[in-house]
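J.: After the structure tokens below, expect a handful of questions from me.
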Amino acid sequence: MAEPLLAIRGISKSFGSVAANVDISFEVAPGEILGLIGPNGAGKSSLFNIIAGSIVPDRGEILFAGRRISGIGAVACARLGIGRTFQVVRSFDSMTVLENVMVGAFLHARRSAAAMRAAGEVIAFCGLAGRQDVPAHRLSPPDKRRLEIARALATRPRLLLLDEMLTGLTPTEAREGMQLVRDLRAQGITIIMVEHVMEVLLPLIDRAIVLDLGRKLLEGRPAEIVRHPDVIRAYLGDRYVA
Amino acid sequence: MSATLIAQVAIGGLLMGLVYAVVAAGLSLIFGLMDVVNFAHGALLMVAMYATLLIHRATGIDPLLQLPLVAALLFGAGVAIYRGLIARTLSVRVNAGMVQIFVTFGLSIFLVGAAEFLFGSDFQSINTSLLGGHSLAFGAIVLPLPLVASGIVALFVFLGLALLSRTEFGQALEATREDHEAVALIGIDRDRVFGIGWGIGTASVGIAGVMLANFYYIAPDVGTNFALIAYVTVALGGFGSIFGALVAGLMIGLVEALTALFIDPALKQIGIFMIYLAVLMIRPRGLFGQI
Amino acid sequence: MAGAARGTLTMRRRREILLGAAILVFLALLPLGVGNVYLRGLIVLTLLYAGLAQAWNILGGYCGQISLGHALYFGIGAYTSTLLLTRLGVSPLFGMFAGGVLSGGAAFLVGLPCFRLSGHYYVIATLVIGMMVALLAANWDFINAAQGITIPFHQESWTDLAFRTAILPFHYVMLAYAALIWLIAWLIEGSRWGFFWRAVKDDVAAARSLGISIYPSKLAAAAISGAATGIGGVLYAHYIGFIDPDSTLDLSLSVLIALPAVVGGIGTLWGPLLGAAVLIPVQQLSVAWLGSAAGGIDLMVYGALIMALALARPEGLVSFFQGRAREEAADHG
Ligand SMILES: Nc1ncnc2c1ncn2[C@@H]1O[C@H](COP(=O)(O)OP(=O)(O)OP(=O)(O)O)[C@@H](O)[C@H]1O
Ligand SMILES: [Mg+2]
């Protein structure tokens, strides 16, 4: 693997008696799309929060482009180039779509004209061009997901963390979402995606990490993952393992 | 300054603290249940005091015996406020908290104005009552009987609130507090629970009002000061925590009395405020707050 | 989509500034049509509160930090300039500057501990700090404690902001104040800070994920809001000619400052102005007409109005106008 963009080394995190993440290590190469899969409560979102800086891990360290980022906080992580979406969508509901995305664009833009221009481009890229003056709270669920991505994209991230962006979408919407992810990669953005429905994820990703009960179950190419007995067991239960 | 004097002032402060705690408990109950700060709480205390005064004048029933009556009256008022005002704010999507603050604030202004209109702004008081004029002596420590009685009644209120949590309604209250939406699925009528919660909260302040009417002046704006102390008490104890209200009430009563004794009666609230700010710097959610 | 294209941000902001200018011209000409001295005084007060409520709105509305302690900044402004003038003979024109700086600084200092608190804890803490200072001021002999300070009248003068009977000069002073604070709010709405503050108000976690530091954002909003409130306090002191802790530092004033913004529409450009235009005249006129006849009725009217408006228009009076604009856009779209 080339010099990794992100290196996770021995990350552990517990909430009270719940071990959300146990000794997780892996690396992400620049330009890669990595899938993070696992059943409910596997610790996917927890790990996302740690990478994005909003949770401090109990143990372990994270290097982003060679810099240690564990413990520096969400704000600093965002400024270094880590963008994210949330599993439960968070939009700025008193603002329009354009204004939401401008907030992100203001990370680099000083003046509002520049922010507006940058936001407009990102909005078009994410397929929200017709809706830029709609109040965020009026958007449909899939459009809200697009809004979150557009907003994160406006900060010009090098790494984008997408938490269950395809969940709850119709097949058509999901296909559009997947196209958007491919377009993002074409822009040179490295992506980590969380999803627990494997079928939608596998055609999209270069590599997958499977988490279960806080631990890394395994890591590999999509084709290897689906055949692995541990994965089948974790997802379907013991009786399906031949 | 003699030790007896200090002890007497301290005990008096703690007793007053129990009254503060009851006022605060009503506020905290409502807050804990539905996240609404009732800015008409002081005005409701005032209403209870005037009700006691009027009933006393009209029928001669002693304030102490009026407790159940005024408590019931205020319970009804609480339910009515919930139904008439608060329930309508729950569907507000933006700034609901702000709207609730100002609806109850408008109610407070209205009630104070009504009292002023009906009874004038002169101070009034109940001069003849069972408790009035008597005091209890424990050795050299002498305490006014109405204050001691208030403290005892306050303890009963807290006992009642503690027992409430064991009842079926108490459980429904707890369930509703934890998840407003989900309770509907297990057959709890959220609206009813909220209404009764408001009833109990204002009945508590009603009981405090009756006891205060025994020895405190009665005027349209008498509630302002008590409400202010109640907000501080609730924030100090932790929003939503009844036990926190009790502990914080006692602390505040004590600190207030001792500040008045050792520093200056005019500055007695400064002591409270300082304690409050100091605690909040260390525990941003108050002594026992979770939310 | 014609409606959407017309409704872009740039267009909206241009419309706002044009409407603002039109209202400014109207208000500047208003005294010509109002001869009654009492009514002129009422307009002056309304303008003052339009400015104060907008000042509060900068922190409470845009940044979402509900302060019930803004009387503190008002009082600091009022006392600073009054003391400078009466003790040192310094012109209120400088007093305005000094009062603004001190009250902005005070708001910053209050924010340092208070912005570590969330939700209702923050509200109560601002209320307590405000009350504490009011209590201390009422017992502090250096500033005449509870007796207050009278600003003696020597001669008509713009540098002393002293005018014998004419309310007219103060009409323009307060109009300039209200217009200035409105303009500041308008600039903030379009600026980087304004966007950050609104993001902080709407969703802290999402704001952080976009690289916005929460604490400094709140402190900046508080300082600007406090300074703007303090300048209002300075103007009030010289308008009335007398200040005491009760009229410049009390909790009820904190509420009066916040109320027009809430009733008019919190976090909006026009809300504070609209709210003040409705609330202040109702309050003053009900005192004048009803208060003397039967004490208390004025409060009942005022209280009932607040309840009615909060319930009927929880999103503020501005929603009357927004509603119509939205429907129009829908018709064209
Ligand atoms: N902030 C938190 N506070 C307390 N517990 C948490 C927190 N975040 C996660 N947990 C706990 O850690 C465990 C892992 O949760 P996490 O949200 O990471 O799972 P997940 O893999 O994202 O699941 P899902 O697919 O349901 O989103 C769960 O038991 C959860 O309750
Ligand atoms: Mg998750």
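Residue numbers (my numbering), protein chains in the order written: chain P, 207 to 448; chain C, -11 to 279; chain Z, 27 to 359. Glycine included, each C-beta is placed from N, C-alpha and C at the ideal position. In this text, all values refer to a predicted model and were calculated from it rather than measured experimentally.
Please list, in chain order, the chain Z residues whose beta carbon lies closer than 7 Å to that of P/F221.
T.: Listed along the chain, the chain Z residues whose CB falls inside 7 Å of the CB of P/F221 amount to none; the nearest CB is some 17 Å away.
J.: By the three-class DSSP mapping on this structure, what secondary structure does Z/A83 have?
T.: According to the sequence as given, residue 83 of chain Z is Asn; it is not Ala. It is helical.
J.: From the DSSP output, in three-state form, read off P/M399 for me.
T.: strand
J.: Would you say C/E162 faces chain Z, with C-beta separation under 9 Å as the test?
T.: no
J.: Run through DSSP, which three-state label would P/R364 get?
T.: coil
J.: Which chain C residues sit within Cβ distance under 8 Å of Z/Y262?
T.: Residues of chain C passing the Cβ test: none, with the nearest at roughly 22 Å.
J.: Got a sec: does ligand 2 put a non-hydrogen atom nearer than 8 Å to the Cβ of P/V400?
T.: yes
J.: Just checking P/Q293 against ligand 2 - is the residue's beta carbon closer than 8 Å to any of the ligand's heavy atoms?
T.: yes
J.: Mapping the DSSP letters down to three states, classify C/G0 as helix, strand or coil.
T.: helix
J.: Please list, in chain order, the residues of the segment 249 to 263 of chain C that have any C-beta partner in chain Z closer than 9 Å.
T.: D252, A254, L255, Q257, I258, I260, F261, M262
J.: Below 9 Å between beta carbons is the criterion; list the residues of the segment 229 to 257 of chain Z that meet it against any residue of chain P, in chain order.
T.: D229, A231, A232, A233, R234, S235, L236, G237, I238, S239, I240
J.: Do you know whose CA, among P/C332, P/E382, P/A392, P/R344, lies nearest P/L359's CA?
T.: That would be P/C332, whose Cα lies nearest to the Cα of P/L359.
J.: Find the residues of chain P that neighbour Z/L35, judging by a C-beta separation of less than 9 Å, and give them in chain order.
T.: T302, L304, E305, M308, S318, M322, Q338, D339
J.: Let me know the secondary structure DSSP gives P/N227 once reduced to three states.
T.: strand
J.: By how many angstroms is the C-alpha of Z/N170 removed from the C-alpha of Z/T34?
T.: 54 Å
J.: Does P/G333 get closer than 9 Å to chain Z when you measure Cβ to Cβ?
T.: no
J.: Go to Z/I283, then tell me how far its alpha helix (DSSP H) extends in each direction, as first and last residue.
T.: Residues 277 to 290.
J.: In chain order, what residues of the segment 210 to 223 of chain Z put their CB closer than 8 Å to some CB of chain P?
T.: Against chain P - using a Cβ distance shorter than 8 Å - the residues of the segment 210 to 223 of chain Z are G216, S217, R218, F221, F222.
J.: Report yes if the C-beta of C/I97 is less than 8 Å from at least one heavy atom of ligand 1; otherwise report no.
T.: C/I97 Cβ: outside cutoff for every heavy atom of ligand 1.
J.: Could you tell me which whole alpha helix (DSSP H) segments of length 4 or greater appear in the segment 168 to 231 of chain Z?
T.: 194 to 216, 218 to 228
J.: Check the Cβ-Cβ distances between P/G244 and every residue of chain Z, and say whether any is below 9 Å.
T.: Cβ-Cβ to chain Z under 9 Å: no for P/G244.
J.: Would you say Z/A225 faces chain P, with C-beta separation under 9 Å as the test?
T.: yes
J.: Quick one: grab the DSSP three-state call for P/V294.
T.: coil
J.: To which residues of the same chain is Z/G220 closer than 7 Å at the C-beta, ignoring the five residues directly before and after it?
T.: Y88, I214
J.: So P/E354 is in the alpha helix (DSSP H); what residue range does that whole segment cover?
T.: 347 to 359
J.: Does DSSP put P/P245 in a helix, a strand or coil?
T.: coil
J.: For P/D369, which residues does DSSP report across the bridge?
T.: P/V400
J.: Got a sec? Which residues, its chain only, sit under 7 Å from Z/S251 by beta carbon, not counting five neighbours each side?
T.: In the same chain as Z/S251, and ignoring 5 residues on each side of it, the C-beta atoms closer than 7 Å to its own belong to A81, W82, I84, L85, A133, in chain order.
J.: Determine, using beta carbons only, whether P/D436 and P/D418 come nearer to each other than 9 Å.
T.: Cβ distance < 9 Å, so P/D436 and P/D418 count as in contact.
J.: Cα separation between Z/R224 and C/F111?
T.: 47 Å
J.: Once you ignore the five residues that flank Z/R32 on each side, which residues in its own chain have a CB closer than 7 Å to its CB?
T.: Legend: pLDDT at Z/R32 = 40, less than 50; position of this residue unreliable, no value from coordinates given.
J.: Use the C-beta contact count for Z/E354: other C-beta atoms within 10 angstroms, 16 or more gives buried, fewer gives exposed.
T.: With a pLDDT of only 46 at Z/E354, under the threshold of 50, the placement of this residue in the model should not be trusted, and no figure is reported.
J.: Can you list, in chain order, the residues of the segment 331 to 351 of chain Z whose Cβ is nearer than 7 Å to any Cβ on chain C?
T.: I332, M333, A336, L337, P340, E341
J.: Determine the direct distance from the alpha carbon of C/A266 to that of Z/G145, and round the result to whole angstroms.
T.: Straight-line Cα distance between these residues: approximately 18 Å.
J.: Between P/A235 and chain Z, is there a C-beta pair that is closer than 9 Å?
T.: no
J.: Take the Cβ of Z/A356 as the centre, count every other Cβ of all protein chains shown within 10 Å, and call the residue buried at 16 or more, exposed below.
T.: Its pLDDT being 44, under 50, Z/A356 is placed unreliably in this model, and the value from its coordinates should be taken loosely. When all chains shown are included, Z/A356 counts as exposed.
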